[in-house]
Amino acid sequence: MSQLDMFCEQPFSILLKNKETATRRYDAIVLVISGLHFSCDLQSGASGERQLRIISSLAERAGAEVVAHGELLKRLQSAQEASK
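The UniProt record's numbering numbers the first residue of the sequence shown as 1 and each following residue consecutively.
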């Protein structure tokens, strides 16, 4: 089995996380595939709601779960309900 095959067969997860650097605090969407972490800022307002609907749809299609806690979980649930 090639490394690419192993990479493609590994499950992935989507995390919503609070992140912090020396200069700012922000919310992030983290896509984890085979131990590789791909991250982007979760926007506020309508743009962020759109991002949440996209990751919810992606997770549903792939049979994955979006992991979130606290306010981010509430925000995710709100975006999911709005898309129904």
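Note that beta-carbon positions come from the ideal geometry of N, C-alpha and C, so glycine has one too.
* Asked: Around the Cβ of A68, are there at least 16 other Cβ atoms within 10 angstroms (buried) or fewer (exposed)?
  -> buried
* **Start and end residues, beta strand (DSSP E) containing S39** => L36 to D41
* Within this structure, are the beta carbons of S13 and A64 separated by less than 8 Å? -> Yes, these two residues count as a Cβ contact at 8 Å.
* In terms of residue numbering, what span does the alpha helix (DSSP H) encompassing T82 cover? -> In the sequence under discussion, the amino acid at residue 82 is Ala, which differs from the Thr named in the question. Counting along the chain, the alpha helix (DSSP H) containing A82 begins and ends at G70 to A82.
* Asked: CB-CB under 6 Å to S39, same chain, minus the five flanking residues each way: which ones, in chain order?
  -> A28 and V30
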